[in-house]
Structures are given as C-alpha cells and as structure tokens.
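Residue numbers (the numbering used here), protein chains in the order written: chain P, 2 to 234; chain E, 2 to 234. Where a beta carbon is used, it is the ideal one built from N, C-alpha and C, also for glycine.
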DNA sequence: AAGTGGTCTAGACCACACG
DNA sequence: GTGTGGTCTAGACCACTTT
C-alpha cells in the first residue's frame, strides 16, 4: 500500500506537467493544493518536500513553491568563469559582492595551501544567481601577491578573466572537492532558503602555471541547480 | 526568535556529544527524546530531519536513528576500486551482487559510449557497504568485447583488479559526472532508506589505454557517506 | 506481545511578503 | 491588511522490528 504523501506527490507532479507549468512557474497556495488533493496541509507539505528533494520544485523564502529550471552543467576544471559558463548555456548569470576585504589568512587555509601564517589574503563573498534565482554562495580567497589591487576592480564580474588579462595568471593545477551538505546558517540565509535545504559544497584549490598558490574557492550550491562534469586523463 | 525545532536540534546534538555517542551508535526512541526535550514527536522529528540533512545522524529502515560515521574520501579518478579505497581508509567494505546478466545495450548508453545498437553488454547491479552500512547502489555496464567470461568471475570483489590482472585492461580516460539527487524507487529500497533521502548520483564513463569504451558506472550514494576529491592538471 | 518508527488528521498562531 | 508559508500541538493508527 502506497502512503498518501507519495500518491499525492505523483498526482501533483502529473498535474504540473498537465498544466504545462514551465521553469520558475509558481504553484498554487498550499491550502488550495491540499484541498485539491483531498488531504491535510501537513501531508501535502510532505509531498512538496519529496518533489523538492527530487529537484523538481523548489521554494523561495516565504514566497511559495516554483518549478525548478534545468540544472547547470558545471565543469570546475574549465578555465571559464561562472559568467561565461552560465551565459554559454543560455541562461542569465548575475553576481553580487556581499563582502570584499583584505584579511589575515585563516589557519586551515595557510596549512592547506602552504602559505606563511599571518600573511594577508584577498577575501571575497559573493552570491550568484541564474535567471534571477540565487543558486550559490561563494567564499573566495585569492593570493594577493601576484595580483595587487584586485579588490579595486569590479568584483561582480569574472575574476578569472581579470587574472588572465590583467595579471597574466593562468590557472593550471587544481584540487577539487565536493560533498553533499545541507545549507544552514549564512548560506541558507544568503540564498533565501530554509535551513536544512539540501546543497552541495564545492571547494577548489587552484595553482597558477608556475605551481604557486593562486586561489581557494568554497562554493555552497543549491542541490538542484547543478550537475558537475569532470574529465580526467 | 529561533524556532523550536532548531533549538531542539542544537540541544540534541549537544546531548549526543555529551553522551559521547560514537559512530553508528543508536539514539533513544523518538518518544523518549520528545519528552526529554519537552516537545512533540512531530517537532522532534523535524529536528532529527535537520541533523540528518546535515549528515550528522542517519536512519535505518524502521530501526531508529544512528550517528553518522566519517565520510569516505573518494577519488573516482584513481585506479583503485571500492574495496581497496575503503580498506585503505580503515573501514570494512562489503559488496553484494544483486543481479548479473548479459543484456542488450540500452539506447542511451550506446549513443553515449559510441557502441553499436543491439550489441550485448555485461550488466551488474551491486550494493556496497562500509562497516555494515549500505552506502551505495551501483549499476555497472562493462564492454564484454575485451573481457569475456567476466561474469563467471566473483563479482563481489574488485572489478578493476580483475580487468587489469586477467585481461590486461588499463582504465585511462574518464568522464565523471555527478549531481545531488534524492534516492527513490529501487535505490531507496535497496539501501533501506526512506524514499526522498538525499543522495548523490555519480556516473563514470571509462575508456581503456587504447581509447576504447571499457565501462560505464552509475552509482547512487547516500549523501552523507562520501566526499569526492578530484585532481585536475 | 511490545515497542518503534512511519504516517496522518484537524486544527492553531505567527511572521513575513505582497498588493 | 490579507494571505501566505513556517511552525507547532495533541492526539491517532498502522506496519514493521525486536524481544
């Protein structure tokens, strides 16, 4: 015997398909849906939660439920930045710089990147969106040694492009890590989602063409917004 | 004002630390916990769900809640199989072969791997566990052209090792894809988790040293069981 | 047989978003 | 201000696991 919330989940998804609700279309109010499918709001919300976990719908703040757009196909090994990658797949990217400072390098990073303690590092906190939907929060630590005055530039644009064009730095070796992780605290708040929303934490340690530490990047993605592809030789 | 379920979540985690509940230790019954933290079972379950999303605890079937072990550090680019990788990190791996057949190559795979339609392919369905906990379900498609009789071997052991030692096949080029995805249907059932449990889908397309299609691998992992690390030059 | 987790009901109040 | 999603209560029954 199938539980109600799974039956409702399927019915609801069929209804969405039937109504041809497209990417980012808003669903009716929960109370209305609960009535339509003859169940309680609690149970209906369980169904909504299932569809959310499957990445078919998402919620925004307290504003309601929406149909999830296609995943971005993301290759962290490529030399193109977020901006180009998103635009190249036909979406509209946007970046907001939430914080931009010069600060002492954190201990864990100094250790991992082989930096001297107490040296300074560029820190950037940026929120990025696709077609108006915030999909990731990014902590960026950049070695200022080879790119002074970087923070004076426009950090709402692609960093990689500036590193290459302005400072002649070519990212080469990379170590990429990622693991599923719930979005909580800062990330959840910044992205306007409930704490506990499924996410993906992606970290990237980049060295330049001469093997020098260039950048450390820590990204918190909404779980349904990306598919990662990496080619290994 | 912090909602109750977040407060309870924090208290509960503090309690777990205080009690020094180790990896895979079982939590008390939900009704008991609800009493202890002076709330309803529904609200308590919301707290448990948060900790589950954060990967700190997990549930098994209808048997209760347990403390999550450390993530496996997984490098899909390495030539070591699951068995070696897990053992190398001090855990106990196990594999069960659920299905083992020769079947017609699916259309999507033929297209993706550049195979002739209507050719046959080795198909393996395996469940793998770490320290007794089922953590992934794996669909394996292997090109039988270069390794006949593979299915006659013991498929509960490392395939890679056999490919190398018995057939002199060396995996080289790989395309790796992954994205967060809820475990449902077959995967949820096989792993003994609730449908909708957060997971990670990982696909790996492997070619041998001569650029010939060797294997396609599709793995459904429990979200809290792994951290993926890839090095790119 | 007892206890547990999984599911479900029918309400309620609040804070926030939007018009 | 109105309606929405977010939260919370106090029960209940069932299916399954464990004793």
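- Counting only Cβ-Cβ distances below 9 angstroms, residue 56 of chain P has contacts in chain E at 180, 181, 182 and 183, in chain order.
- Per DSSP, residue 191 of chain E is one residue of the alpha helix (DSSP H) stretching across 186 to 192.
- Residue 222 of chain P and residue 119 of chain E have their C-alpha atoms spaced approximately 40 angstroms apart.
- Interface criterion not met: the Cβ of residue 17 of chain E is under 8 angstroms from no Cβ in chain P.
- Among the residues of the stretch 201 to 234 of chain P, those with a Cβ less than 8 angstroms away from any Cβ of chain E are 201, 224, 225, 227, 228, 229, 230, 231, 232, 233 and 234, in the order of the chain.
- Straight through space, the alpha carbons of residue 33 of chain P and residue 100 of chain P are spaced by roughly 41 angstroms.
- Residue 174 of chain P has its alpha-carbon roughly 7 angstroms from the corresponding atom of residue 212 of chain P.
- The beta carbon of residue 71 of chain E is closer than 8 angstroms to those of 24 in its chain, skipping five residues each way along the sequence.
- The alpha-carbon separation between residue 83 of chain E and residue 37 of chain P amounts to approximately 48 angstroms.
- Neighbours of residue 70 of chain P across chain E, judged by C-beta separation under 9 angstroms, do not exist; the nearest C-beta is about 14 angstroms away.
- At a C-beta separation below 8 angstroms, residue 50 of chain P has these neighbours in chain E: 197.
- Judged by their CB atoms, residue 159 of chain P and residue 219 of chain P are not nearer to each other than the 8 angstroms cut-off.
- The C-alpha of residue 7 of chain E lies about 17 angstroms from the C-alpha of residue 182 of chain P.
- Per DSSP, the beta bridge partners of residue 96 of chain P are P:129.
- Residue contact check for residue 163 of chain P against chain E: no CB pair falls below 8 angstroms.
- Positions of the alpha helix (DSSP H) runs, each at least 4 residues long and wholly inside the stretch 59 to 118 of chain E, are given as 83 to 89 and 108 to 114 in order along the chain.
- As the crow flies, the alpha-carbon of residue 46 of chain P is around 28 angstroms from that of residue 138 of chain E.
- Residue 59 of chain P and residue 225 of chain P do touch by the CB rule: their CB atoms are close to 6 angstroms apart, below 8 angstroms.
- Burial is judged here by how many other beta carbons sit within 10 angstroms of a residue's own beta carbon; residue 109 of chain E has fewer than 16 and is exposed.
- The contact set of residue 7 of chain P on chain E, defined by CB atoms closer than 8 angstroms, consists of 196 in chain order.
- Ranked by Cα distance from residue 129 of chain E, the options E:123, E:121, E:140 and E:122 are led by E:140.
- In the structure shown, residue 160 of chain P falls within a helical segment according to DSSP collapsed to helix, strand and coil.
- One Cα belongs to residue 176 of chain P, the other to residue 216 of chain P, and the distance between them is close to 11 angstroms.
- Contact with chain E is absent for residue 187 of chain P, since none of that chain's Cβ atoms lies less than 8 angstroms from the residue's Cβ.
- In terms of beta-carbon proximity, residue 171 of chain P stays away from the interface with chain E, with every pair separated by 8 angstroms or more.
- For residue 174 of chain E, no pairing in a beta bridge is given by DSSP.
- Neighbourhood of residue 78 of chain E in chain P, by CB distance below 7 angstroms: 233, in chain order.
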